[in-house]
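Q: One structure, pasted below without further comment.
Numbering (our numbering), first residue to last: 5 to 767.
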């Protein structure tokens with residue numbers, strides 16, 4: 005397989021299926037693509053990919069960096085905005101950063117945005133008000149006024165430093181030169197754009213003069229504003245909509261909608277379609293109205309921007325590294341296309357989830373050739389949601405159907421609809437398998453779960469290999485020289501079947517017997533698997549065969565299994581010695597790394613750290629998990645009371661430690677380790693609450709419960725959900741009930757919110 009085809013294959017894989025090495029390659033590819041796209045869009049005004057492709061690549065890169073945090077770099081496009089200023093313009097530093105916006109592509113994501121904000125602010129069921137306005141597809145501009153005079157205009161640039169385009173901005177009719185009644189310092193922010201009619205006239209003039217026409221109004225507007233000769237900018241029909249502000253010497257108003265009205269009074273053009281909406285349902289209705297009239301607006305928009313109306317709440321919500329929490333861009337759907345569904349394949353993931361994938365007749369969607377699409381789960385194929393309600397009008401999906409494919413923020417496309425009029429007469433409803441196609445084990449669907457899962461565990465080759473890859477990943481055991489590719493090879497050769505085998509690899513080197521038994525196991529499964537082609541290719545590659553053949557594989561395998569690692573292809577004495585040394589070094593491991601490395605469902609890095617900090621040692625953790633019973637007993641209650649651990653995660657932990665096979669596998673691993681380092685205390689050693697266990701109860705009046713917990717943890721405290729003998733401090737607000745009573749019974753110190761703030765120095 006050449007590099008190009010290999011890259012294409014990796015680009016088509018879901019992030020959850022990427023090995024660390026594949027993720028590293030994909031991260032580098034996406035980062036390079038996004039950097040080029042940012043420069044082309046923000047610097048050169050000549051984008052080479054669509055907005056949908058850009059959004060999809062950015063979201064995929066964010067997913068990769070979330071799953072493999074070690075790959076995230078400070079200069080990653082996911083943490084930057086725009087592009088550096090172009091040469092030829094002076095640079096202008098933004099006193100207040102020009103942030104980008106998070107995107108939403110579905111109604112559900114808008115509902116989740118609203119719910120997330122209400123949770124953060126502790127508003128319960130209260131209705132949040134928002135402004136909703138068209139998202140103009142133009143060039144962002146920040147215009148600074150001092151004492152009512154326009155003194156500077158700058159592009160977004162990289163969000164912190166932009167290009168000085170003051171002379172060019174003065175030629176835009178929508179930007180007043182002088183203001184009356186404005187704050188002493190006022191930075192107005194908005195979008196420079198061009199109407200469809202003006203764009204058509206400009207391109208007609210371009211053609212008449214023999215110049216190349218512009219690709220679209222956005223490129224034309226951006227290119228016009230960035231002319232080194234202001235006279236050229238003056239000849240172009242540029243317009244400006246104000247949508248916000250940067251630095252201010254005094255507030256414009258208390259709300260977003262009133263601040264926009266104030267800008268309009270000062271002489272700025274604001275979008276007349278901006279509306280105040282109460283709650284997410286009104287946001288969605290306004291979105292539909294704008295979407296329906298999009299073609300008649302006379303200028304390009306690519307979505308609707310939703311912002312929290314109350315500016316005090318905006319300040320409380322704050323910002324992430326490059327996006328505000330209080331705003332989101334609800335983007336319009338990407339392009340769609342119709343094609344034939346050739347077949348439905350089932351892929352088995354690391355957690356045993358059976359995921360259906362549509363294999364399509366290749367079709368171009370949004371400038372990208374699509375041949376695969378996700379089908380989510382068996383309910384989606386049947387035409388119902390998780391509650392049994394119909395989707396797509398209850399139309400199911402069958403092999404041979406003509407299907408509507410779309411891409412909206414995800415690299416893996418989705419199927420939106422089915423054309424029943426073109427359904428083949430012999431098409432039959434798809435029967436989702438009740439057995440795992442990889443190992444033949446029962447595939448069951450638990451109540452409340454949307455997916456069916458294989459029960460084979462490490463017996464299932466799909467799960468075993470993926471769990472071993474996870475085990476050696478960067479934030480787990482991270483054994484130098486033993487990456488995902490080496491683990492896959494050693495697994496297929498039968499040298500490593502479970503984590504403990506890694507630590508006996510040196511003593512078994514060239515032993516042969518266990519490896520040969522492992523090959524028979526692999527060969528038997530390859531004969532009976534539903535679609536074993538990928539495994540056959542992988543095993544052939546591992547054995548140095550051009551094509552897979554069971555007999556040749558056995559011969560080559562027996563030869564290699566009796567050959568020391570140092571004499572294997574691609575290895576030498578030094579590299580083998582270095583690997584065995586690296587394995588020995590990992591017999592000492594931090595507790596949180598060990599917990600994360602086990603690959604327990606729902607237990608990620610953050611959860612592993614929480615568990616490690618709470619139980620302190622492996623013995624304490626393992627003992628508690630073994631003693632816990634789902635739904636009952638003090639150990640179960642203690643587990644649930646860890647702030648950040650819910651019932652779903654707790655159930656997964658307890659089930660693993662009560663399965664004989666899984667528990668035996670873990671014990672074999674732990675027996676190979678020399679030292680499991682206990683969890684370290686959180687930072688902030690000078691904090692008066694560092695190392696203490698704190699419980700919050702009742703109503704907090706000066707901050708939400710979420711804010712208080714986050715603050716306590718930053719200062720080195722552990723936050724618990726219930727009071728026990730281990731509790732050091734209870735912060736009780738009005739309405740405190742059983743927890744305060746329990747604290748009094750146990751003699752635990754109880755303080756009010758004001759005393760808490762004095763204690764932490766934030767009164």
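For each residue, glycine too, the CB sits at the ideal point set by N, CA and C.
If you run the structure through DSSP and keep just helix, strand and coil, what is residue 431?
A: coil
Q: Buried or exposed: which applies to residue 148, given that a residue is buried once 16 or more other Cβ atoms fall within 10 Å of its Cβ?
A: Residue environment analysis places residue 148 among the buried positions, since at least 16 neighbouring C-beta atoms fall within 10 angstroms of its C-beta.
Q: Would you give the residue range spanned by the alpha helix (DSSP H) that residue 714 belongs to?
A: Following the DSSP letters along the chain, one finds residue 714 inside the alpha helix (DSSP H) bounded by residues 709-718.
Q: Here's a check: name, in chain order, each residue in its chain whose Cβ is nearer than 7 Å to the Cβ of residue 101, leaving out the five neighbours to either side.
A: 163 and 164
Q: Just curious, the beta strand (DSSP E) that residue 243 is in, first and last residue?
A: It spans 243-252 - the beta strand (DSSP E) in which residue 243 sits, taken as one unbroken run.
Q: Helix or strand or just coil, what does DSSP make of residue 703?
A: The answer is coil: DSSP assigns residue 703 none of H, G, I, E or B.
Q: Using only CA atoms, which one of 224, 95, 107 and 217 lies nearest to residue 160?
A: 95
Q: So, at 6 Å on beta carbons, what are the nonlocal neighbours of residue 793 in its own chain, with the 5 sequence-adjacent residues on each side left out?
A: This structure cannot settle anything about residue 793, because the visible part of the chain is limited to 5 through 767.
Q: Name the two residues that bound the continuous alpha helix (DSSP H) containing residue 676.
A: Counting along the chain, no alpha helix (DSSP H) covers residue 676, and no H or E run does either.
Q: With residue 210 as the anchor, note down where its alpha helix (DSSP H) starts and where it stops.
A: 200-212
Q: Confirm, please, whether the CB-CB distance from residue 594 to residue 485 is below 9 Å.
A: no
Q: Under the assumption that residue 652 contacts residue 606 (Cβ atoms under 8 Å), give the Cβ distance between them as a whole number of angstroms.
A: Contact holds; Cβ gap of about 6 Å.
Q: Which same chain residues, not among the five before or five after residue 732, have their C-beta less than 6 Å away from its C-beta?
A: 696 and 697
Q: Leaving out five residues before and five after residue 189 in sequence, what residues of the same chain have Cβ atoms less than 7 Å from its Cβ?
A: 150, 251, 252 and 253
Q: Can you tell me whether DSSP reads residue 358 as helix, strand or coil?
A: If DSSP states are grouped into helix, strand and coil, residue 358 belongs with the strands.
Q: Any heavy atom of the ligand HEM closer than 8 Å to the Cβ of residue 420?
A: The ligand HEM is not among the ligands present in this structure, which contains no ligands whatsoever.
Q: In the structure shown, what three-state DSSP assignment does residue 606 receive?
A: coil
Q: Note down the Cα distance separating residue 89 from residue 146, rounded to an integer number of angstroms.
A: Because residue 89 sits at a pLDDT of 47, beneath the cut-off of 50, its placement in the model cannot be relied upon, and the following sentence gives the value as read from the coordinates. Approximately 14 Å, taken between the alpha carbons.
Q: With distances taken between CB atoms, is the gap from residue 4 to residue 142 smaller than 9 Å?
A: Nothing can be reported for residue 4, as the shown portion of the chain is limited to 5 through 767.
Q: What are the start and end residues of the beta strand (DSSP E) that includes residue 197?
A: 189-197
Q: Relative to the C-alpha of residue 475, which residue among 200, 452 and 500 is closest?
A: 500
Q: Could you pull out every residue in the same chain whose Cβ sits closer than 7 Å to the Cβ of residue 294, ignoring the five residues on either side in sequence?
A: 138, 277 and 308
Q: Looking at C-alpha atoms only, which residue of 173, 331, 235 and 379 is the closest neighbour of residue 260?
A: 331
Q: I think residue 136 touches residue 279, with their Cβ atoms under 8 Å apart; what is that distance to the nearest whole Å?
A: 5 Å
Q: Might you give, ordered along the chain, the residues of its own chain that have their beta carbon closer than 7 Å to the beta carbon of residue 234, omitting 5 neighbours on each side?
A: Within the same chain, residue 234 has close Cβ partners 171, 172 and 175.
Q: According to the neighbour-count rule (16 or more other Cβ atoms, all chains shown, within 10 Å of its Cβ), is residue 275 buried or exposed?
A: Label assigned to residue 275: buried.
Q: Helix, strand or coil: which one does DSSP assign to residue 385?
A: helix
Q: I need the DSSP call for residue 110, collapsed to helix, strand or coil.
A: DSSP places residue 110 in coil when its eight states are reduced to three.
Q: Under the assumption that residue 644 contacts residue 654 (Cβ atoms under 8 Å), give the Cβ distance between them as a whole number of angstroms.
A: 6 Å
Q: On the CB-based measure, 16 or more other CB atoms within 10 Å of its CB, does residue 87 come out buried or exposed?
A: With a pLDDT of 46 at residue 87, under the threshold of 50, the modelled position of that residue is not reliable, and no figure is offered here.
Q: Could you give the first and the last residue of the continuous alpha helix (DSSP H) run that contains residue 156?
A: Where residue 156 is concerned, there is no enclosing alpha helix (DSSP H), although the beta strand (DSSP E) it sits in stretches over 153-159.
Q: Can we say the segment 27-34 touches the segment 66-76, given the rule of at least three CB pairs closer than 8 Å?
A: yes
Q: Kindly indicate which residue of 62, 746 and 672 has the alpha-carbon position closest to the one of residue 508.
A: 672
Q: Which word fits residue 114, buried or exposed, when buried means at least 16 other C-beta atoms lie within 10 angstroms of its C-beta?
A: buried
Q: Just the C-alpha distance for residue 515 and residue 402, rounded to the nearest angstrom, thanks.
A: Because the pLDDT of residue 515 is 48, which lies under 50, any placement of that residue in the model is unreliable, and the question is left without a value.
Q: Go through its chain and collect everything with a Cβ distance to residue 532's Cβ below 7 Å, but skip five positions before and after it.
A: With a pLDDT of 40 at residue 532, under the threshold of 50, the modelled position of this residue cannot be trusted, and the question is left open.
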